[in-house]
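Residue 296 is where the sequence shown starts when you use our numbering, and the numbers rise one by one after that.
From the three backbone atoms N, C-alpha and C, an ideal C-beta is built for every residue, glycine too.
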Amino acid sequence: MMVQALLSVSLSTVFVENVGQESDRELVFYTLHPKNLHVYRNGQVLAGDVLLRFGKPKYVLPGLKASPTINYMKAGKSFTGLPSYRQVILREAYEGVDVVLTTTDDSHVEVQFIVHPGADPGRISVSISDAQARKTEDGLTLKGRRSEILLHTYRAFQGADEVPVEAVLVDNTLSFRVGEYDPSRTLIIDPILESISTAIVAGTDNDYSSAIAMDSSAFGVVYIVGTTYNYANFSVSRNVFGTMDSSDVFVVKFRTNDYTFHHQATTIIGGSGADRGVDVAVGLSGNVYITGLTDHPSDFGPSRTTFGTVRGTNTFITELSGDLGTHLSTAIVGNVGVAGLALDASDNVYIAGLTSGFPASDTVGDASDTVNVFIGKFSSNLSTSIQTVVAGVRGSAETVGYIHIDGSTIYVSGSYANGAFGDDSLGDTLIIPKMPPPFYLMDIFLYRGPTSNLSYGSFMTFGEVEYNQGAGRIHENSAGQPLMIINGDLNYFSSKDSFVTTVYNYGSSSSSDGSIGVYNPYTRTLAILRYMKDALDGFGPPYPQVGLDIDDEGRVYVVGTVYGTSGLPSPYTIYGATGDSNVVLTVLSGDLSTHIKTVVVSSSGKDEGADVVAKDSCHVYITGKTAVPSNFSISRTIFGTTGNYDAFVSHLFQAPDACAIGQNDELGVSEMPDGVRSFKVDGSTLVLTLESPGYVGYDVYDLGGRRVASESVGYLPEGRYTFRLNLRRGEYFLRLRIGEKVHRVKILL
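(1) Would you mind stating whether I845 and L824 have Cβ atoms separated by less than 8 Å?
(2) Go to Y787, then tell me how far its beta strand (DSSP E) extends in each direction, as first and last residue.
(3) Let me check understanding here. Comparing Cα to Cα, which of S973, T665 and I670 lies closest to V659?
(4) Any C-beta of chain C sitting closer than 8 Å to the C-beta of Q427?
(5) Can you confirm whether the region 866-885 touches the region 903-918 when touching is taken to mean that 3 or more C-beta pairs between the two stretches lie within less than 8 Å?
(6) Is DSSP giving S598 helix, strand or coil here?
(7) Give the secondary structure of D319 by DSSP, where H, G and I count as helix, E and B as strand, and everything else as coil.
(8) Measure the C-alpha to C-alpha separation of I384 and H333 and round it to an integer number of angstroms.
(9) Quick check on Y826: does DSSP put it in helix, strand or coil?
(10) What is the rounded straight-line gap between the Cα of R1015 and the Cα of R381?
(11) Quick check: the Cα distance between T398 and I409, rounded to an integer number of angstroms?
(12) When you compare the region 413-424 with the region 1000-1010, are there three or more beta-carbon pairs, one atom per stretch, that lie closer than 8 Å?
(13) Is the beta carbon of V907 closer than 8 Å to that of Y870?
(14) Should R1024 go down as buried or exposed, given a rule of 16 or more other Cβ atoms within 10 Å for buried?
(15) Report the three-state DSSP secondary structure of N1021 (helix, strand or coil).
(16) So does the region 974-984 actually touch the region 533-544, counting three or more Cβ pairs closer than 8 Å?
(17) By Cβ distance below 7 Å, which residues in the same chain neighbour D393 in space, the five residues on each side in sequence not counted?
(18) Restricting to Cα atoms, I'd like to know which of N337, Y476, S530 and F310 is closest to R320.
(19) Taking the C-alpha atoms as reference points, what is the distance between V971 and N926?
(20) Quick check on the DSSP output: what are the complete beta strand (DSSP E) runs of length 3 or more inside the region 916-940, in order along the chain?
(21) Quick check on D977: buried or exposed, where buried means 16 or more other Cβ atoms within 10 Å of its Cβ?
(22) Cutting at 7 Å between CB atoms, please list the residues of its own chain near Y335, excluding the five before and the five after it.
(23) Quick check on Y742: does DSSP put it in helix, strand or coil?
(24) Out of I739, T746 and I519, point me to the one whose CA is closest to F794's CA.
(25) For G315, which residues from the same chain have a beta carbon less than 6 Å from its beta carbon, with the 5 sequence-adjacent residues on both sides left out?
(26) Have a look at T704 and F545 and give me their C-alpha separation to the nearest angstrom.
(27) Check this for me: beta carbons of K828 and G855, under 8 Å apart or not?
(28) Give the list of continuous beta strand (DSSP E) stretches no shorter than 3 residues that lie fully inside the region 619-647.
(29) Using only the alpha-carbon positions, how far apart do E405 and Y449 sit?
(30) Which residues in the same chain have their Cβ closer than 6 Å to the Cβ of R931, if we skip the five residues on either side of it in sequence?
(31) Measuring only the C-alpha atoms, how far is L579 from Y503?
(32) Go ahead and pull the three-state DSSP assignment for P777.
(33) Helix, strand or coil: which one does DSSP assign to N528?
(34) By DSSP, does S675 sit in helix, in strand, or in coil?
(35) Output the boundary residues of the beta strand (DSSP E) element that contains K975.
(36) Going by alpha carbons, who is nearest to D642 out of F602, T621, G702 and F595?
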């Protein structure tokens, strides 16, 4: 840790070592023209006529070398080529604490106390003589007989992070009271999600958002999809495609690259029946794909291609231009209830859900029962059904069809009410034995296969025969392993060694409805979020909502609903008033072993979370619905006219200056931060050129969110500096503090 203060005193900008030109042998360094600052071997520093005593240093050494050499005559003796320095170091002035004095070009001296690991900052004690010392709003004023010195801007840092610090003045002795910090640096959590902005998208009836997607090719652009029951005054403006009726589908585009929501477009699409929005994705082409359910497909949208036999509730897939102004295509998939949508690298479209009779091109397992799992692959323009697969369930499938694609791998998760599922002959080295009856209780399945041929996949099934468990969203981590949401009575699930070998419990239960878990079936690790509401009883339609995402740094984000706040794990932050139910977001480490942060976003009424998308800690978005938009979150922008329930989207981020470098996670920056002339990582060396002086410190994190390096470099004058990162080859995230601001960049070594 480093504590620093600025000492204002008129002086030259360099130190000179006393090598005989001054008779006082205890004088080690001084500043020139005039000699206003004197540094003595015993730790005394004379600033004008004010004397400061900095402990009892073991050594007094020069630090940063300055460019000019000093030549002058004294008492007929010539002194030439004397080196000059920008820093003087009082080594071990206090046990484990160094004092560093750094000169600046604006007639100041930066005083820093470097507290090494394990040292006690409480040992710092600076005695003041020949002056009256008093605390002011600007710091500490030291008034001598002929000079006045201001010691101000007390700061404390660990790496890139600032630590609270307070100056204490008793009997002309200065000490520091330091806030919470980690003296060993073995466990430091990167603070994230420090601020929030929120948009409410409203109509005068019921509106809710089901899913959110980020445009990877356009910084700060997000889309939400959901359902509105009053399209005529939903949002501030809208495009309308199709025939509007009791409920219709909406998709809204926002730009947030200045951390404020700017409404870009809203599109309403529907037919002359009940329509519901379920999921959204943005293609590499920039086009937007949405999916959901329609009861009247014959006039859904302006035009459509139909696959299968239409009856009852059916699935739609719609492609819109990125500005939402143009309807490009719609596919109706008859007799299928969709639960999720995903795109591959060619913008082929995949959906998953339920069917009770779709004529599939491939069947996996026994599909003789009335309800089966459906997986479909369609061309990017929705004109061609490439492959459709029905997975057999001898019983009834329930919350089935959450879907995720990572590279060339597709995942589908869900629940089913039968112990016989799929086909054992498919095989899977990680398969867990299937559950026996009774049939009316639910167990969980996971399908994993190649996008090139959906029928080549295999199933894992797991559950607890005596209790219901449900499945939710799924995402692949950086190790190529799926993480999935499960819910229900997880105590019984986790008690079965065949399913779970490692359990992490976070928070305590605030509801009798069960818990939410994040499960890695490959490592058989389960993180139970005991305070989060059971998704089996979540709001619809069509299925309960709990969001899951993994950011580029490997951290896991879960959004859902919580009753009360007494059971939340620490640390947590609450934005807004709390009511009957609240939106809750929790961040975990990639291996699920560490709780990083929990955030509650809420109003005084009933609020529920539905989905989350996270690029990194600067760009985390959550969506859902709120009953009291007027006090939801700490501030909000309302688009439209509020009603019973309204859709929301919130952007949680670090302070904007913490996201300045590498906004698109590319190495290098187009605009340098204030005070920086150049910045780059060359191999494993960080090269930084400062135009103005300031504190420099940095932290480095691996893709799993673990801190692997931390350096409090200290106050540096202007100039060029290089720092060895001493890391193995790979991708990392660097948080770099330069003066007042923290910047962030992805680096590749």
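So, from the data block:
(1) As a first step, residue 845 must be located in the sequence shown, where it is residue number 550. As a first step, residue 824 must be located in the sequence shown, where it is residue number 529. Contact: no.
(2) Looking up residue 787 in the sequence shown gives position 492. From DSSP, Y787 is part of no beta strand (DSSP E) but of the alpha helix (DSSP H) over L785 to S789.
(3) Stepping through the sequence shown from its first residue, residue 659 is reached at position 364. The option with the nearest alpha carbon to V659 is I670.
(4) In summary, chain C is missing from the structure at hand, where a single protein chain is found.
(5) The region 903-918, when compared against the region 866-885, does touch it at the 8 Å Cβ threshold.
(6) As a position in the sequence shown, residue 598 is number 303, starting the count at 1. Coil at S598, not helix or strand.
(7) As a first step, residue 319 must be located in the sequence shown, where it is residue number 24. Residue state for D319 is assigned as coil, using DSSP reduced to three classes.
(8) On the sequence shown, residue 384 is found 89 positions in, with the first residue counted as 1. On the sequence shown, residue 333 is found 38 positions in, with the first residue counted as 1. Just so you know, the alpha carbons of I384 and H333 end up roughly 13 Å apart.
(9) Position 531 of the sequence shown, counting from 1, holds the residue named residue 826. Note: Y826 maps to coil in three-state DSSP.
(10) The count along the sequence shown starts at 1 and reaches residue 1015 at position 720. The count along the sequence shown starts at 1 and reaches residue 381 at position 86. Each residue's alpha carbon lies about 14 Å from the other.
(11) In the sequence shown, residue 398 corresponds to position 103, counting from 1. In the sequence shown, residue 409 corresponds to position 114, counting from 1. Going by the C-alpha atoms only, they are around 17 Å apart.
(12) Touching, no.
(13) Position 575 of the sequence shown, counted from the first residue, corresponds to residue 870. Position 612 of the sequence shown, counted from the first residue, corresponds to residue 907. Cβ distance not < 8 Å, so Y870 and V907 don't count as in contact.
(14) Along the sequence shown, read from residue 1 onward, the residue named residue 1024 stands at position 729. So R1024 counts as exposed.
(15) For this step, residue 1021 is matched to residue 726 along the sequence shown. Coil, per DSSP.
(16) In short, these stretches do not touch, since the Cβ pair count stays below three.
(17) Locating residue 393 in the sequence shown gives position 98, where the first residue counts as 1. Around D393: I384, L385, R386, E387 and I409.
(18) For the purposes of this step, residue 320 is taken as the residue at position 25 of the sequence shown. Per the C-alpha coordinates, the member of N337, Y476, S530 and F310 positioned closest to R320 is N337.
(19) The count along the sequence shown starts at 1 and reaches residue 971 at position 676. The count along the sequence shown starts at 1 and reaches residue 926 at position 631. Roughly 41 Å separates the two Cα atoms.
(20) Counting whole runs of 3 or more residues, the region 916-940 contains the beta strand (DSSP E) stretches 932-935.
(21) In the sequence shown, the residue the question calls residue 977 occupies position 682. Around the beta-carbon of D977, fewer than 16 other beta-carbon atoms lie within 10 Å, marking it exposed.
(22) In the sequence shown, the residue the question calls residue 335 occupies position 40. Leaving aside the five residues that flank Y335 on each side, the residues in its chain whose CB is nearer than 7 Å to its CB run, in chain order, E321, L322 and V323.
(23) If you number the sequence shown from 1, residue 742 lands on position 447. In the three-state DSSP reduction, Y742 falls in the strand class (E or B).
(24) The residue labelled residue 794 in the question sits at position 499 within the sequence shown. Of the candidates I739, T746 and I519, the one whose C-alpha sits nearest the C-alpha of F794 is I739.
(25) The residue given as residue 315 occupies position 20 in the sequence shown. Hits under 6 Å: none found.
(26) By one-based count along the sequence shown, residue 704 stands at place 409. By one-based count along the sequence shown, residue 545 stands at place 250. When rounded, the distance between both Cα atoms is 29 Å.
(27) Here residue 828 refers to the residue found at position 533 when the sequence shown is read from its first residue. Here residue 855 refers to the residue found at position 560 when the sequence shown is read from its first residue. Contact flag set, yes.
(28) Listed in chain order, the complete beta strand (DSSP E) runs (minimum 3 residues) inside the region 619-647 are 622-628 and 631-638.
(29) For the purposes of this step, residue 405 is taken as residue 110 along the sequence shown, with counting starting at 1. For the purposes of this step, residue 449 is taken as residue 154 along the sequence shown, with counting starting at 1. One C-alpha to the other measures close to 10 Å.
(30) Within the sequence shown, the letter at position 636 stands for residue 931. The answer, listed in chain order, is T493 and I495.
(31) Looking up residue 579 in the sequence shown gives position 284. Looking up residue 503 in the sequence shown gives position 208. So the two alpha carbons sit approximately 27 Å from each other.
(32) Within the sequence shown, residue 777 is the residue found at index 482, counting from 1. Three-state DSSP puts P777 in a strand.
(33) As a first step, residue 528 is located in the sequence shown; it is residue number 233 there, counting from the start. If DSSP states are grouped into helix, strand and coil, N528 belongs with the helices.
(34) Mapped onto the sequence shown, residue 675 falls at position 380. When secondary structure is reduced to three states using DSSP, S675 falls in the coil class, being assigned neither helix nor strand.
(35) By one-based count along the sequence shown, residue 975 stands at place 680. V971 to D977 is the span of the beta strand (DSSP E), which, as asked, contains K975.
(36) The residue given as residue 642 occupies position 347 in the sequence shown. Considering only F602, T621, G702 and F595, the residue with the shortest C-alpha distance to D642 is G702.
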